[in-house]
Amino acid sequence: MDPFSITAGALGITSFAITSIKSLHDLIADLAEAKDVVEDISTALTGILRPLDALQEVHLSDANTSVAAKRDLERAGVADAVNRCGIVCEDFRQRLEKWTKHSSARKISLRDRLTVGVWNKEKIRTVRMCVQSCQSTVQFAVQTTQLFVQVRSEHLSSTHHGSTTQQLQTLESQIQTHLELTKKLTSEVSDRRRQLQADHDDDEEDETQVISAIGEVKEQSQVLEQDEISTGVFHAQVHARVTGQEIGDVMTEEGSSALVGMPKSVVGKINQRIGNVTTRGSSSTVVGVFPDDVNIGSLRSRPS
Numbered sequence: 210m211d212p213f214s215i216t217a218g219a220l221g222i223t224s225f226a227i228t229s230i231k232s233l234h235d236l237i238a239d240l241a242e243a244k245d246v247v248e249d250i251s252t253a254l255t256g257i258l259r260p261l262d263a264l265q266e267v268h269l270s271d272a273n274t275s276v277a278a279k280r281d282l283e284r285a286g287v288a289d290a291v292n293r294c295g296i297v298c299e300d301f302r303q304r305l306e307k308w309t310k311h312s313s314a315r316k317i318s319l320r321d322r323l324t325v326g327v328w329n330k331e332k333i334r335t336v337r338m339c340v341q342s343c344q345s346t347v348q349f350a351v352q353t354t355q356l357f358v359q360v361r362s363e364h365l366s367s368t369h370h371g372s373t374t375q376q377l378q379t380l381e382s383q384i385q386t387h388l389e390l391t392k393k394l395t396s397e398v399s400d401r402r403r404q405l406q407a408d409h410d411d412d413e414e415d416e417t418q419v420i421s422a423i424g425e426v427k428e429q430s431q432v433l434e435q436d437e438i439s440t441g442v443f444h445a446q447v448h449a450r451v452t453g454q455e456i457g458d459v460m461t462e463e464g465s466s467a468l469v470g471m472p473k474s475v476v477g478k479i480n481q482r483i484g485n486v487t488t489r490g491s492s493s494t495v496v497g498v499f500p501d502d503v504n505i506g507s508l509r510s511r512p513s
C-alpha cells in the first residue's frame, strides 16, 4: 500500500461502521419481500463503500500532501458521518432480520412493517436520510480530495490546471445544489414535527407510535443539521480554490514596475497567496492589495 494513502481507519472510521454498512447492504440484497421499499437505501450504501475504497487509490506524492488531505477530510466530519451511519445501519439490520424471521401469512407483512403506521414511516425516513446524507458527505469528500491533490501537485501543466479548475467549478455547483436540497428537507422535517406534535392527543393514532415518530423526526433534524455543516465545509473549501489566486516567483527587472496582488474592490471575493517576490535595482513593486485607481506608471517616479 502507498505509505501516503488515506485509509478509513486513519480518518477515524471504525471497522464496526464499515461492517454494519456492508451487512445491511447484503441483507437488503437477499430480501425476498418489500425489496423495492428499501432499494434506494441499498444504492446509497454502495455509494458510501465505493468512494471509501477509491480514497485509498488517490495518489499522494508526499507526506505534506497526505497530511493536508487528511486535515480537509477531518474538518468535513467524514468519520463522524460514516460512524453514525454504521450505528443506524446495524439497528435497522437487526430490525429487518427480526421482522423477516417472524413474517408469515398470518402476521403483519414486512412491507406493512416498513410502510404502515406513523412510526414505521418515520423510522424508514430516518434510515434513508442518514444513509443518503452519509453518501453525499463521502462522495463530496473523495471528489474534493482528488481535485485538491491535483491542485497541490507542482507538476500540473497549464492545460491540466484549467481542466481541474473546471472540475472544481462543477463540484462547487453540485455542492451548492445539495445545500439547497438539505435546507428544503430541513423545512419539511420541521413541518412534520409540528404536525406530529399537534396530533399527539389524536385518538386516531396510537400515542406510543406518535411519540416514537416524534423522536425519529428529531433525529432526522440532527442528521440534516450535520449534513449542512459538512456540506458547508466542502463548499467553503472548494469555493476558496475556485476563487483563489496563487502568485509566486516574481522578479522585476531593472527600472521596471509591477503590481503583485489584487485591487481593493475584489477583497473578500478572491483568496490570494503571494510568495517569493524579488525587486531588483531601481524597480518598484506593490505587493498585496492596491487601490483600484492605481497607475502603474506613477510607480516609476518613486524612489527605489
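Residues 210 to 513 in my numbering are what the sequence shown lists, from first letter to last.
Glycine included, C-beta positions come from ideal geometry on N, C-alpha and C.
Quiz prompt | For A288 and I420, the rounded distance between their alpha carbons | solution = Reading the sequence shown from its first residue, position 211 is the one you call residue 420. Reading the sequence shown from its first residue, position 79 is the one you call residue 288. When rounded, the distance between both Cα atoms is 30 Å.
Quiz item: Apart from the five residues on each side of it in sequence, which residues of its chain come closer than 7 Å, Cβ to Cβ, to Q378?
Solution: Along the sequence shown, read from residue 1 onward, the residue named residue 378 stands at position 169. V451, listed in sequence order.
Quiz item: Cβ atoms of E283 and G221: under 9 Å apart, would you say?
Solution: By 1-based counting over the sequence shown, the position of residue 221 is 12. By 1-based counting over the sequence shown, the position of residue 283 is 74. Contact: yes.
Practice problem: Sort F301, T216, S382 by Cα distance to E425 and report the nearest one. | Solution: Residue 425 sits at position 216 when you count from the first residue of the sequence shown. Ranking F301, T216, S382 by Cα distance to E425 puts F301 first.
Quiz item: Between Q348 and the rest of its own chain, which residues show a CB-CB distance below 6 Å, the 5 nearest in sequence each way excluded?
Solution: By one-based count along the sequence shown, residue 348 stands at place 139. Only P260 meet the Cβ criterion.
Quiz prompt | Inter-residue spacing [alpha-carbon to alpha-carbon] between Q435 and I257 | solution = Counting from 1 along the sequence shown, the entry for residue 435 is found at position 226. Counting from 1 along the sequence shown, the entry for residue 257 is found at position 48. Between Q435 and I257, the C-alpha separation is close to 17 Å.
Quiz item: For V276, which of helix, strand or coil comes out of DSSP?
Solution: Numbered from 1 along the sequence shown, position 67 holds the residue referred to as residue 276. Helix.
Practice problem: Measure from the alpha carbon of D245 to the alpha carbon of each residue in E437, D321, Q376, then state which is nearest. | Solution: Taking the first residue of the sequence shown as position 1, residue 245 is located at position 36. Cα-wise, what sits closest to D245 is D321.
Quiz prompt | With 16 other Cβ atoms within 10 Å as the buried cut-off, status of I423 | solution = Here residue 423 refers to the residue found at position 214 when the sequence shown is read from its first residue. It counts as buried.
Quiz prompt | For T494 and P512, the rounded distance between their alpha carbons | solution = As a working note, residue 512 is residue 303 in the sequence shown. As a working note, residue 494 is residue 285 in the sequence shown. Legend: pLDDT at P512 = 46, less than 50; position of this residue unreliable, value from coordinates given subsequently. Distance between the alpha carbons of P512 and T494: 11 Å.
Quiz item: Using 8 Å as the Cβ pair cut-off and three pairs as the minimum, do the segment 326–344 and the segment 290–305 touch?
Solution: yes
Self-check item: CA nearest to the CA of L380, picked from R401, K279, G441, K332
Solution: By 1-based counting over the sequence shown, the position of residue 380 is 171. With distances taken between Cα atoms, L380 lies closest to G441.
Practice problem: Taking all protein chains shown into account, decide if E306 is buried (16 or more other Cβ within 10 angstroms of its Cβ) or exposed. | Solution: Position 97 of the sequence shown holds residue 306. With fewer than 16 Cβ atoms within 10 Å of its Cβ, E306 is classed as exposed.
Practice problem: Jot down the residue ranges of each uninterrupted beta strand (DSSP E) in the segment 222–267, minimum 3 residues, whole runs only, in chain order. | Solution: none
Quiz prompt | Residue of Q352, T216, A290, T252 minimising C-alpha distance to L233 | solution = Taking the sequence shown and counting its residues from 1, one reaches residue 233 at position 24. Ranking Q352, T216, A290, T252 by Cα distance to L233 puts T252 first.
Practice problem: Using three-state DSSP, classify I215 as helix, strand or coil. | Solution: Taking the sequence shown and counting its residues from 1, one reaches residue 215 at position 6. In the structure shown, I215 sits in coil (DSSP, three-state: anything other than H, G, I, E or B).
Exercise. Can you give me the start and stop residues for the alpha helix (DSSP H) that H444 sits inside?
Key: Position 235 of the sequence shown, counting from 1, holds the residue named residue 444. From DSSP, the alpha helix (DSSP H) with H444 extends over 416–451.
Quiz item: By Cβ distance, which residues of its chain are closer than 7 Å to H387, with the 5 residues on each side in sequence left out?
Solution: Taking the first residue of the sequence shown as 1, we reach residue 387 at position 178. Same-chain partners within the cutoff: S345, T440.
Exercise. Report back the beta-carbon spacing between A285 and A350 to the nearest angstrom; my notes put them in contact at under 8 Å.
Key: Numbered from 1 along the sequence shown, position 76 holds the residue referred to as residue 285. Numbered from 1 along the sequence shown, position 141 holds the residue referred to as residue 350. Right, their Cβ atoms sit about 6 Å apart.
Quiz prompt | T447 to T353 span [Cα, whole Å] | solution = Within the sequence shown, residue 447 is the residue found at index 238, counting from 1. Within the sequence shown, residue 353 is the residue found at index 144, counting from 1. It is worth fixing the name first, because residue 447 is Val in this sequence and not Thr. About 7 Å.
Self-check item: Alpha-carbon spacing of T223 relative to A290, whole angstroms
Solution: Taking the sequence shown and counting its residues from 1, the one referred to as residue 223 is at position 14. Taking the sequence shown and counting its residues from 1, the one referred to as residue 290 is at position 81. Between T223 and A290, the C-alpha separation is close to 11 Å.
Quiz prompt | Cβ-based burial, V340 [other Cβ within 10 Å; buried from 16] | solution = Here the question's residue 340 lines up with position 131 in the sequence shown. V340 comes out buried.
Quiz item: With distances taken from CA atoms, which of L323, T373, T216, L405 is nearest L269?
Solution: For the purposes of this step, residue 269 is taken as the residue at position 60 of the sequence shown. Checking every option, the nearest Cα to that of L269 belongs to T216.
Exercise. Measure how close the beta-carbons of V398 and T274 come, nearest whole angstrom, since I'm counting them as under 8 Å.
Key: Taking the first residue of the sequence shown as position 1, residue 398 is located at position 189. Taking the first residue of the sequence shown as position 1, residue 274 is located at position 65. Their Cβ separation, rounded to whole angstroms, is 39 Å, which puts V398 and T274 out of contact at 8 Å.
Quiz item: Taking the C-alpha atoms as reference points, what is the distance between T255 and K279?
Solution: As a working mapping, residue 255 is identified with position 46 in the sequence shown. As a working mapping, residue 279 is identified with position 70 in the sequence shown. Those two C-alpha atoms are separated by around 22 Å.
Self-check item: Extent of the continuous alpha helix (DSSP H) to which S345 belongs
Solution: Counting from one through the sequence shown, the residue named residue 345 turns up at place 136. Here the alpha helix (DSSP H) through S345 covers 327–361.
Quiz item: Relative to the C-alpha of R514, which residue among E437, K427, I438 is closest?
Solution: It is not possible to answer for residue 514, since the shown part of the chain is limited to 210 through 513.
Practice problem: Look at the alpha carbon of L236 and the alpha carbon of T228, and state the distance between them as a whole number of angstroms. | Solution: The residue you call residue 236 lines up with position 27 of the sequence shown. The residue you call residue 228 lines up with position 19 of the sequence shown. Distance between the alpha carbons of L236 and T228 is about 12 Å.
Quiz item: By how many angstroms is the C-alpha of Q355 removed from the C-alpha of D249?
Solution: Residue numbering aside, residue 249 sits at position 40 when the sequence shown is read from its first letter. Residue numbering aside, residue 355 sits at position 146 when the sequence shown is read from its first letter. If you take the alpha carbons of D249 and Q355, they lie about 26 Å apart.
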